[in-house]
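Read the structure below first, then the notes.
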Amino acid sequence: MIRVISLFFAILIGGMPSAGAVGACPELVGWLPYGDVNASAVVNDLAYFGTGGSLMIADVSDPASPRIIGKALLGQTDVRSIAVAGGHAYVGVIDGGLRVVDVRDPAAAEEVGSYDAGHSIGFDVAVAGDVAFVAMGHSFVILDVSTPSSPFELARVATDFGTTDSSFQGVVVRGDLAYLATIRDLRIFDVSSPAAPVELSRCETPGITNDVAISGDFAFLAAHDEGMRVVDISDPSFPFEVGHLASPGLGQRVTVAGGLAFLSEQPNYPPASAIGVRVLDVSSPETPVEAAFIETGWNFSDVEVSGSTAFVSTGVSGLRIFDIDDPSAPREIGVYDPLGRMRALDVDGGIAAVVASNRGLAIVDLSEPSSPTEAAQLEDSEQVWGVAMRDGLAYLADLDGSLRIVDLSEPSAPVEIGGLAPDSTVGTAYNVAVEGDYAYLVHSRGLRVIDISRPESPVGLGACQISGSTNDIAAAGGFAFVSDFYWSFRVIDVRAPFAPVEIANLEIPSEGLAVEVDGGYAYVATEWTGLRIIDVRNPADPVEVGHLEGINPEGLAVRDGLAFVACPGDGLAVVDVRNPTDPRLVGLGGNPRGGFDVALDGDLAVVADYWSGVVIFDISSCRAPLGPPRLPAGRRVPD
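Set out below in structure tokens:
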């Protein structure tokens, strides 16, 4: 199931999760990482970059054809910074500090050590000899990495006030000096004795200082809404600003190489221009001049330069490679484009159909749950928003309002076999449910009934207008059950498919994100108000009979008296719903950072994690006897 995504900042819990925080189920068994590409490093024709919670290694000796040769799984987190030295990659991550990956054999890259900083973020990392320097938000941490598998702290410098106003964001080390971008200023430390760093000076900046790069006697600062600032550091005890370049975007990262500075931007509000990377001529540092612009879209970007090639990490747009031999006209020559953010999925017979944000539908083979693999992608599916699977077919809800039907009998070669054009009266299609010979397509303004008895030639039958923006749909027994954005749970009678009609509208305490129906009860994931259980045995008179708060549900699936609930920041919750009036949490596994959807297939629960990829749990232990069912007294269901 999927909803119209309202992005919010989930509670982030880093690291590879362990099973059974509350009970004996579920157990994390596999993970196929996807996500934004937000950091990169390039050494000796190898590009190291993060996608979701993995470190990827690509051979870029032919930049036009980057080839993945290795990866290391770092858990359900985001890679924010990478430094490579001595056969090891030092990776700063969200909610986990620093991870150390042995990359001497890229094909067998593996995490060998870590420095756990709790919920700190490794914003930036630099390595000099046996010492790693990490800008970690409220702290600047210096680590001994002479034994990479066992890094240990030598020194820690806290920010002045312990607030984000003075957070350490970027670090560069040159000789015995460390240069720190700290939100409000540039700070310079003598680190000739790493265990006893000494602050030499500060240079305040008018903007928020997000990053720093050093070239010669100058420091170049990415200064958020103040563009790029240039600071003379020829006397480290007395740095002073000498140059400035205004920019319409928000400067996030800066890299300097060969007389050029690359300033990565995020959008201002409202966006004043296209967003991407500004290529600046800094041969005269006091008067930087824009030479070119590389548009990357609405994403965080970072740049690494090797010779005349620039490697740009562009969030959901992947790793893009540019020839910058002519700085005034960068030319894209290669790209590695991961699927990006997961937002919906369904599973059938060991095959998952996964909807991703920037490349549409991917087919994932789950035959080896511990090692899921991508089997194929469906071309021209970037607008697919929802999916339902049955009998080897995937039914796709497309944002243009259409239904698309894809044959997945050969997972490596999906074939689109049928479809139905949009209906302008019901708006954008967000999701689809299938029951019997019918598909029910839920739109922004209503419901559409489609005859799929011949999948090659689906036929539109009837439509029903709904006053509100719909999120999700489930179908059972001739009725469709719809959750919507405006705090409503609706019941549509579809027994007359040419004339569906709304017969009930029940107010719920917040936005309904997902809905499932099982055994006469509807289960609704609501934003911030937990799991709601509604008796629909009389569909014309739905009644809420139970709820479980304390969890933050996004997606759910129900089977055999258990509800499996994807909860961003908390994990996959398993709820005993055999007594709908008294749902009880019986298991909590993993820490999916953005679990937006979940589907069941045999002993597996498969989660579409918005930020980190496809996460697979073994739920066989969740079938252990939990005692006799606790059922409430039933209501008579009219004929």
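Counting in this note's numbering, the sequence shown runs from 2 upward without gaps.
By construction, the Cβ of each residue, glycine as well, lies at the ideal position given by its N, Cα and C atoms.
Quick caveat: nothing in here was measured; it's all calculated off a predicted structure.
Asked, Found
"Would you mind working out which of Ala196, Ala159, Ile184 sits nearest Asp131, comparing C-alpha positions?", "Ala196"
"Between Leu222, Val158, Leu178, which lies nearest to Leu187 when the distance is taken from Cα to Cα?", "Leu222"
"Residues bridged to Arg321 by DSSP?", "Val313, Val336"
"Looking at C-alpha atoms only, which residue of Asp583, Ala567, Glu503 is the closest neighbour of Ile535?", "Asp583"
"If Ala182 and Asn211 are in contact, beta carbons under 8 Å, what's the gap, nearest whole angstrom?", "6 Å"
"Just to confirm, is the Cβ distance from Gly316 to Ile295 under 7 Å?", "no"
"Taking Asp392 as the reference, give the member of Val348, Asn432, Asp399 with the closest Cα.", "Val348"
"Below 7 Å between beta carbons: does that hold for Leu421 and Pro459?", "yes"
"Would you report the Cα separation of Pro370 and Gly351, rounded to the nearest angstrom?", "9 Å"
"Using alpha carbons as the reference points, say which of Gly250, Trp529, Arg81 lies closest to Gly98.", "Arg81"
"Look up Gln1 in the DSSP assignment and give the residues it is bridged to.", "Residue 1 lies beyond the stretch modelled for the chain, which goes from 2 to 640, so this question has no answer here."
"Which whole runs of the beta strand (DSSP E) in the stretch 25-50 are 3 residues long or more, in chain order?", "28-34, 38-44"
"Using C-beta distances below 6 Å, list every residue in its chain close to Asp542, excluding the 5 sequence neighbours before and after it, in chain order.", "none"
"Just tell me which of Ala477, Pro107, Gly208 has its CA closest to the CA of Gly228.", "Gly208"
"Within its chain, find whatever has a CB closer than 6 Å to the CB of Asp79; leave out the 5 residues flanking it on each side and keep chain order.", "Ile95"
"From the DSSP output, which residues share a beta bridge with Gly97?", "Paired residues: none, contrary to the question."
"Between which residues of its own chain and Ser147 is the CB-CB distance below 7 Å, once the five residues before and five after are set aside?", "Asp131"
"Just the Cα atoms here: how many angstroms apart are Trp612 and Ser413?", "25 Å"
"Taking only runs of the beta strand (DSSP E) that begin and end inside the stretch 523-594, which ones reach a length of at least 3 residues, in chain order?", "531-536, 544-549, 556-560, 563-568, 572-577, 585-590"
"Suppose only complete runs of 3+ residues qualify. What are the beta strand (DSSP E) ranges in the stretch 200-236, listed by chain order?", "212-216, 219-223, 229-233"
"Out of Ala515, Ala500, Val546, Leu514, point me to the one whose CA is closest to Gly521's CA.", "Val546"
"State buried or exposed for Trp386, treating a residue as buried only when at least 16 other CB atoms are found within 10 Å of its CB.", "buried"
"Roughly how many angstroms separate the alpha carbons of Phe153 and Arg533, rounded to a whole number?", "47 Å"
"Give a yes or no on whether the C-beta atoms belonging to Ile184 and Ser167 are separated by under 7 Å.", "yes"
"To which residues of the same chain is Val559 closer than 6 Å at the C-beta, ignoring the five residues directly before and after it?", "Glu517, Asp519, Tyr524"
"Would the stretch 101-116 and the stretch 83-92 be scored as touching if the rule is three or more Cβ pairs under 8 Å?", "yes"
"Roughly how many angstroms lie between the CA atoms of Ser151 and Gly114, to the nearest whole one?", "6 Å"
"Could you spell out the range, first to last residue, of the beta strand (DSSP E) harbouring His139?", "That residue, His139, is in no beta strand (DSSP E); it is neither H nor E in DSSP."
"Could you spell out where the beta strand (DSSP E) holding Thr471 opens and where it closes?", "471-477"
"Thinking C-beta only, is Ser622 closer than 7 Å to Cys1?", "Given a span of 2 to 640 for the chain in the structure shown, any question on residue 1 remains unanswerable."
"With DSSP run on the structure shown, which of helix, strand or coil describes Ser454?", "coil"
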